[in-house]
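Peer 1: Residue numbers (the numbering used here), protein chains in the order written: chain A, 17 to 685; chain B, 509 to 658.
Built from N, CA and C at the ideal position, the CB exists for glycine as well.
A quick note: this is a predicted structure, and the numbers were derived from the prediction, not measured.
Okay, here's the thing in C-alpha cells:
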C-alpha cells in the first residue's frame with residue numbers, strides 16, 4: 017500500500033504541476049480549448065487516482081473543478097481572471113491535501129467554500145445551449161472524446177456496416193482482480209468486434225489504476241443486447257450499459273460546439289491543435305515510461321559502493337605495475353577507463369534540472385503581481401540546466417526572496433512606468449546556465465534599478481557604514497550594502513519582501529552552498545542579481561598538496577595561484593613572515609606548523625606556496641609539494657569529530673586513503 | 509515476547525593490555541583490520557585520525573590512549589571495532605578481538621571500587637564467565653570527549 021501511496025503522491029504532484037502550468041497558459045490565451053483539455057485530462061486522472069486511493073475530499077474537489085472545466089470546454093462558461101483565481105484556490109487546496117497525505121495525514125480538508133464557489137461558477141452562466149448539452153454535463157465522465165484518427169476509424173467501420181457502441185462497465189466494489197476482469201471484458205468484446213478506445217486507457221486499466229468503472233468504445237456487427245449478454249457473463253461485474261452511438265452525430269455535435277463561438281477556420285485550427293497536443297501527450301508518455309524513480313539514498317549507496325571499487329582499482333593498478341605483466345596491465349587499464357565512465361554516469365544521476373524549482377515561480381509571480389497591483393511578465397530561460405539534487409533542495413528559498421525583491425522593489429507600478437515611458441508590463445527574467453564548473457542563475461528586472469544615494473543614506477542611518485567611508489565606495493560596494501543585515505530600501509515596508517531581513521539570509525545561504533551572489537544595476541533601467549553556484553556540493557575541484565608525509569586538499573575555488581619562492585625572499589613584518597607577491601604583501605602560513613605535522617623531511621631552499629584568498633584578503637599557504645588538481649567527493653568527518661580547526665571535511669583519494677580538505681576561510685584572518 | 513526479561517546478553521569480547529572487555533553486539537557494526545589512518549590535526553591525542561570505511565570517513569580512537577595505557581605499535585592481532593552510538597560511528601583500536609559470548613545478565617556486577625579511578629568511569633560493570641573476567645564498556649563515556657583533553 018505504502019508503495020502505491022508513494023507513486024500516488026508523486027503522480028498527483030505532477031498532475032497538479034501540469035494543472036498549474038496550463039492554467040497560467042489558459043490565462044494568456046483563454047480561447048485555447050486544447051489547454052482546457054490538457055487541464056481536464058490531468059484533473060480527471062487525479063480524480064480517478066484519489067478515488068481509488070480512498071481520498072474522498074480530494075476526489076470531490078477535483079470532480080467539482082472538472083465540472084467547471086467541462087463547462088469551459090463546452091463554452092458554457094467563459095474564462096475570466098476571477099474564475100481562474102477560484103480555480104487556482106482549488107488547486108492550492110488540492111496541493112495542501114496531497115502534501116498532507118505525503119506527510120502521513122489523511123488528506124482531509126474543509127473545502128466546502130471552494131466547492132461552493134466552483135458550483136456557483138458552474139451554474140452561474142445562463143445555460144444557453146442547455147437542451148443539447150445537458151446529458152454531457154450531467155455525466156461528464158461518460159462521454160468520450162475522439163481524436164481525428166479514431167473518428168476516421170469509426171467512420172470507416174460504419175461504412176462497412178459496423179455499429180459503434182459506448183459501453184459503460186462497473187465492477188463490483190469487492191472485485192479482487194480488477195485487471196483480470198478488464199481483460200475478460202476486452203476478450204469478450206474482441207470476439208464480437210473491436211475495441212477502439214477505452215477510458216481510462218488500456219495501460220491504466222491493466223495497471224489497475226482506475227476506480228470501479230471504465231468505458232470502452234467498440235465497433236461491432238452485433239446488437240447492443242448481444243454485447244450486453246457477452247459482458248454480463250464475466251463475473252464480478254455490477255453494471256453494464258451499452259449505448260449505441262451515431263458517428264455522424266458525434267461529428268456534428270463536436271462541430272457545433274466549436275462553431276458556437278468560433279468561425280469555421282478557427283475550429284479547424286483547434287482540432288489540429290488538439291491533435292498535436294494528443295500526439296505530444298503520447299510522445300511524453302513514451303518518454304516518461306523510460307524513466308524510473310529512484311530514492312536519492314540508493315544513489316548515495318551506489319556512490320559509496322562505487323568509491324570502494326575505486327579503492328580496489330587503485331590497488332589493482334599498483335599490483336599490476338609491480339608485477340609488470342602486460343596482459344594484466346592491459347586489463348587493469350581497461351577497467352580503469354570503464355570505471356571512470358561509470359563514475360561520470362553515477363554523478364550525473366544526481367543531477368536534476370532547475371525546472372523543478374523554477375516551475376513554482378509563475379504562480380507565485382502572478383499572485384504577487386495581482387496583490388501589488390503591478391503588471392509583470394516572468395520569462396524563464398534555461399530551466400533545463402542541471403544541478404546537483406542537494407543544491408536544488410537549498411536554492412528554492414533564496415530565489416523566492418530575490419524574485420519577490422525584484423517584483424516588490426524593482427518593478428514600478430503601471431502608472432509610474434507609463435510616466436517614465438516604459439511599457440506598463442514589467443519584465444522579470446529568470447535565467448539559468450552552465451559555465452565551467454558552475455551554474456549561474458540570474459534574476460533580471462527592468463524596474464527602477466538601485467539608487468546609489470538612497471542606499472548610502474540608508475546604510476549610514478542604520479549605522480552600517482560611516483559618512484567618510486561612503487564617499488569612496490564603488491557602485492558594486494554600494495550594492496553589496498543591500499545584503500547587510502537590517503537593510504530595506506523600499507520607503508514603504510510591505511509584507512511581500514519583508515523588512516530587509518531576507519537579503520542577508522539569501523547571501524549567507526548561497527555562500528553556505530559554496531556560491532556567491534553579485535548585483536549589477538543601472539538606475540531607471542533595472543537590476544541583475546547574479547548567483548554563482550557550484551555544479552554539485554558533493555564533488556569539488558581541489559589542489560592536492562603534500563606536507564611532509566601527509567596529503568591535504570585545498571579547494572580550487574579559494575586558490576588564486578601557486579608559486580615557488582626562495583627562502584631569502586621571505587620578509588618579516590610584525591613577527592609575521594610575509595612575501596611580496598605581485599606588489600602586495602601577503603602573509604605566509606606554514607601549514608606544517610598550523611597542522612602540527614610530524615616532521616620527517618629536511619627543510620629545502622625553495623618553498624611551494626599556494627596563494628589563497630577570502631574576499632579581498634590573501635594568504636600564502638606553505639606546503640612541501642604540489643601533487644596536482646583533482647575532482648574529489650566531499651565527505652564529512654562524521655558526528656564524532658565536529659568542528660576540527662581549519663578542516664572543512666575529507667575526501668577519499670584514488671588509493672583509498674583519506675585526505676583532509678583545508679578550510680581557507682578560517683586560516684585567513 | 510513482551511514482558512520476558514532478557515536473561516542473556518550477547519557481547520563482543522576484546523583484549524586490551526591484560527584485560528578482557530565486552531561491548532554488546534547491538535553497538536558493534538563490524539570488526540576490521542587496521543588500515544591506513546589519516547591523522548586529523550588539532551584533535552585529542554587518543555583520536556588517531558580517520559579511515560575510509562567502505563566509503564564512509566570514520567574517526568578512529570585508540571582505546572589504550574583513551575584509558576591512559578601506554579600505546580603499542582600495531583601488530584597482526586590489532587583490530588578496529590566499529591561501534592555505533594546514536595548518530596556517532598567510531599572505530600576503536602584494540603589489541604585483539606577474541607570472542608562472541610552470551611553472558612547471563614545475572615552474572616554482571618557493578619564495577620569493583622578497587623579499579624583505578626580514571627578507568628572506572630568508562631565501565632558499566634563486570635561479568636564473570638567461568639574463569640574469565642569481562643569488563644563491560646560504557647560507550648557513552650568513552651565517546652564523550654566534551655570534558656576530556658579538548
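(1) I need the straight-line Cα distance from residue 533 of chain B to residue 591 of chain B, nearest angstrom please.
(2) Might you give, ordered along the chain, the residues of its own chain that have their beta carbon closer than 8 Å to the beta carbon of residue 42 of chain A, omitting 5 neighbours on each side?
(3) Using CA atoms only, rank isn't needed, just tell me which of A:255, A:217 and A:625 is closest to residue 60 of chain A.
(4) With three or more C-beta pairs closer than 8 Å as the rule, is the stretch 353-361 of chain A touching the stretch 378-393 of chain A?
(5) For the stretch 196-210 of chain A and the stretch 249-259 of chain A, state whether three or more C-beta atom pairs, one from each stretch, are separated by less than 8 Å.
(6) Please compile the residues from chain B whose C-beta is within a distance smaller than 8 Å of the C-beta of residue 673 of chain A.
(7) Cβ closer than 7 Å: which chain B residues qualify as neighbours of residue 110 of chain A?
(8) Name, going along the chain, the residues of the stretch 595-612 of chain B whose beta-carbon falls closer than 7 Å to a beta-carbon of chain A.
(9) The beta strand (DSSP E) that contains residue 473 of chain A, what's its start and end?
(10) Helix, strand or coil: how does DSSP classify residue 20 of chain A here?
(11) What number of angstroms, rounded off, separates the C-alpha of residue 680 of chain A from the C-alpha of residue 629 of chain A?
(12) Tell whether a beta-carbon distance below 8 Å holds between residue 674 of chain A and residue 596 of chain B.
(13) Can you tell me the Cα-Cα spacing of residue 672 of chain A and residue 563 of chain A, whole angstroms?
(14) What's the C-alpha gap between residue 120 of chain A and residue 28 of chain A?
(15) For residue 60 of chain A, which of helix, strand or coil comes out of DSSP?
(16) Should residue 601 of chain A be labelled buried (16 or more other beta-carbon atoms within 10 Å of its own) or exposed?
(17) Which term fits residue 630 of chain B, buried or exposed, when burial requires 16 or more other beta carbons within 10 angstroms of its beta carbon?
(18) Name the chain B residues that come within less than 7 Å of residue 323 of chain A, Cβ to Cβ?
(19) Between the alpha carbons of residue 337 of chain A and residue 347 of chain A, how many angstroms are there, rounded?
(20) Between residue 471 of chain A and residue 426 of chain A, what straight-line distance do the alpha-carbon atoms span, to the nearest angstrom?
(21) Quick one: using the 10 Å Cβ neighbour count with 16 as the cut-off for buried, is residue 422 of chain A buried or exposed?
(22) Ordered along the chain, which non-local residues of its own chain (more than five positions away) have a Cβ less than 7 Å from that of residue 63 of chain A?
(23) Quick one: which chain A residues come within Cβ less than 9 Å of residue 651 of chain B?
(24) So which of A:245, A:339 and A:256 has the shortest CA-CA distance to residue 186 of chain A?
(25) If you drop the 5 nearest sequence neighbours on each side, which residues of the same chain put their C-beta closer than 7 Å to that of residue 244 of chain A?
(26) Any idea if residue 641 of chain A is buried or exposed, counting beta-carbon neighbours within 10 angstroms, 16 or more meaning buried?
(27) Strictly below 8 Å CB to CB, what residues from chain B border residue 566 of chain A?
(28) Going straight from the alpha carbon of residue 116 of chain A to that of residue 324 of chain A, what length do you get?
(29) Please list, in chain order, all residues of the same chain as residue 465 of chain A whose beta carbon is under 6 Å from its beta carbon, the five residues on each side excluded.
(30) Is it right to say residue 526 of chain B is buried, meaning 16 or more other beta carbons lie within 10 angstroms of its own, or is it exposed?
(31) Among residues of its own chain, excluding the 5 on either side of residue 398 of chain A, which ones have a beta-carbon nearer than 7 Å to its beta-carbon?
(32) Counting beta carbon pairs with one atom in the stretch 541-554 of chain B and one in the stretch 611-618 of chain A, are three or more of them shorter than 8 Å?
(33) Candidates A:571, A:619, A:461 and A:551: which alpha carbon is nearest residue 706 of chain A's?
(34) How about residue 719 of chain A and residue 662 of chain A: do their beta carbons lie closer than 8 Å?
(35) So which of A:378, A:440, A:242 and A:370 has the shortest CA-CA distance to residue 411 of chain A?
(36) Would you report the Cα separation of residue 92 of chain A and residue 223 of chain A, rounded to the nearest angstrom?
Peer 2: So, from the data block:
(1) Here the question's residue 533 of chain B lines up with position 25 in the second chain. Here the question's residue 591 of chain B lines up with position 83 in the second chain. So the two alpha carbons sit approximately 9 Å from each other.
(2) Mapped onto the first chain, residue 42 of chain A falls at position 26. Hits under 8 Å: 48, 51, 52, 55, 95 and 100.
(3) To locate residue 60 of chain A, count along the first chain from 1; it is residue 44. Of A:255, A:217 and A:625, the smallest CA-CA separation from residue 60 of chain A is found for A:217.
(4) no
(5) yes
(6) If you number the first chain from 1, residue 673 of chain A lands on position 657. Under the 8 Å cutoff, chain B gives 544, 546 and 560.
(7) Working through the first chain from its first residue, we reach residue 110 of chain A at position 94. Those do not exist, as residue 110 of chain A stays about 37 Å from chain B at its closest Cβ, beyond 7 Å.
(8) Against chain A - using a Cβ distance shorter than 7 Å - the residues of the stretch 595-612 of chain B are 595, 596, 597 and 598.
(9) By 1-based counting over the first chain, the position of residue 473 of chain A is 457. That residue, residue 473 of chain A, is in no beta strand (DSSP E); its alpha helix (DSSP H) goes 468-477.
(10) Your numbering for residue 20 of chain A matches position 4 in the first chain. Looking at residue 20 of chain A - three-state DSSP - the assignment turns out to be helix.
(11) Taking the first residue of the first chain as position 1, residue 680 of chain A is located at position 664. Taking the first residue of the first chain as position 1, residue 629 of chain A is located at position 613. Looking at the two C-alpha atoms, the distance is approximately 8 Å.
(12) Here residue 674 of chain A refers to the residue found at position 658 of the first chain. Here residue 596 of chain B refers to the residue found at position 88 of the second chain. Against a cut-off of 8 Å, the Cβ pair of residue 596 of chain B and residue 674 of chain A comes out as no contact.
(13) Here residue 672 of chain A is taken as the residue at index 656 of the first chain, counted from 1. Here residue 563 of chain A is taken as the residue at index 547 of the first chain, counted from 1. Approximately 18 Å between the Cα atoms of the pair.
(14) As a working mapping, residue 120 of chain A is identified with position 104 in the first chain. As a working mapping, residue 28 of chain A is identified with position 12 in the first chain. Distance between the alpha carbons of residue 120 of chain A and residue 28 of chain A: 15 Å.
(15) Translated into positions along the first chain, residue 60 of chain A becomes position 44. Reduced to three states, the DSSP call for residue 60 of chain A is helix.
(16) Stepping through the first chain from its first residue, residue 601 of chain A is reached at position 585. Label assigned to residue 601 of chain A: exposed.
(17) On the second chain, residue 630 of chain B is found 122 positions in, with the first residue counted as 1. Buried, because 16 or more other Cβ atoms sit within 10 Å of the Cβ of residue 630 of chain B.
(18) Taking the first chain and counting its residues from 1, one reaches residue 323 of chain A at position 307. Here the neighbours are 563.
(19) Locating residue 337 of chain A in the first chain gives position 321, where the first residue counts as 1. Locating residue 347 of chain A in the first chain gives position 331, where the first residue counts as 1. Answer to the nearest angstrom: the Cα atoms are 12 Å apart.
(20) Position 455 of the first chain holds residue 471 of chain A. Position 410 of the first chain holds residue 426 of chain A. If I take the Cα positions, the gap works out to 14 Å.
(21) Within the first chain, numbered from 1, the residue matching residue 422 of chain A stands at position 406. With a threshold of 16 other beta carbon atoms within 10 Å, residue 422 of chain A meets it and is buried.
(22) Here the question's residue 63 of chain A lines up with position 47 in the first chain. Once the five neighbours on either side are set aside, the close Cβ partners of residue 63 of chain A are 75, 78, 79 and 82.
(23) For the purposes of this step, residue 651 of chain B is taken as the residue at position 143 of the second chain. Listed along the chain, the chain A residues whose CB falls inside 9 Å of the CB of residue 651 of chain B are 656.
(24) Translated into positions along the first chain, residue 186 of chain A becomes position 170. The shortest Cα separation from residue 186 of chain A among A:245, A:339 and A:256 belongs to A:256.
(25) As a working note, residue 244 of chain A is residue 228 in the first chain. Around residue 244 of chain A: 256 and 258.
(26) Position 625 of the first chain holds residue 641 of chain A. So residue 641 of chain A counts as exposed.
(27) As a working mapping, residue 566 of chain A is identified with position 550 in the first chain. Under the 8 Å cutoff, chain B gives 546 and 547.
(28) Indexing the first chain from 1 puts residue 116 of chain A at position 100. Indexing the first chain from 1 puts residue 324 of chain A at position 308. In a straight line, the C-alpha of residue 116 of chain A is about 40 Å away from that of residue 324 of chain A.
(29) The residue you call residue 465 of chain A lines up with position 449 of the first chain. Answer for residue 465 of chain A: 537, 538, 539, 540, 541, 542 and 543, listed in chain order.
(30) In the second chain, the residue the question calls residue 526 of chain B occupies position 18. Classification for residue 526 of chain B: exposed.
(31) The sequence position of residue 398 of chain A within the first chain is 382, counting from 1. The residues 447, 448 and 449, in chain order, have a CB closer than 7 Å to that of residue 398 of chain A in the same chain once the five nearest residues on each side in sequence are set aside.
(32) yes
(33) The structure shown does not extend to residue 706 of chain A, since chain A spans only 17 to 685, so no value can be given for it.
(34) This structure cannot speak to residue 719 of chain A, because chain A is shown only from 17 to 685.
(35) Working through the first chain from its first residue, we reach residue 411 of chain A at position 395. Looking at the Cα atoms, A:370 is the closest of the given residues.
(36) Within the first chain, the letter at position 76 stands for residue 92 of chain A. Within the first chain, the letter at position 207 stands for residue 223 of chain A. Spanning the two alpha carbons is a distance of roughly 35 Å.
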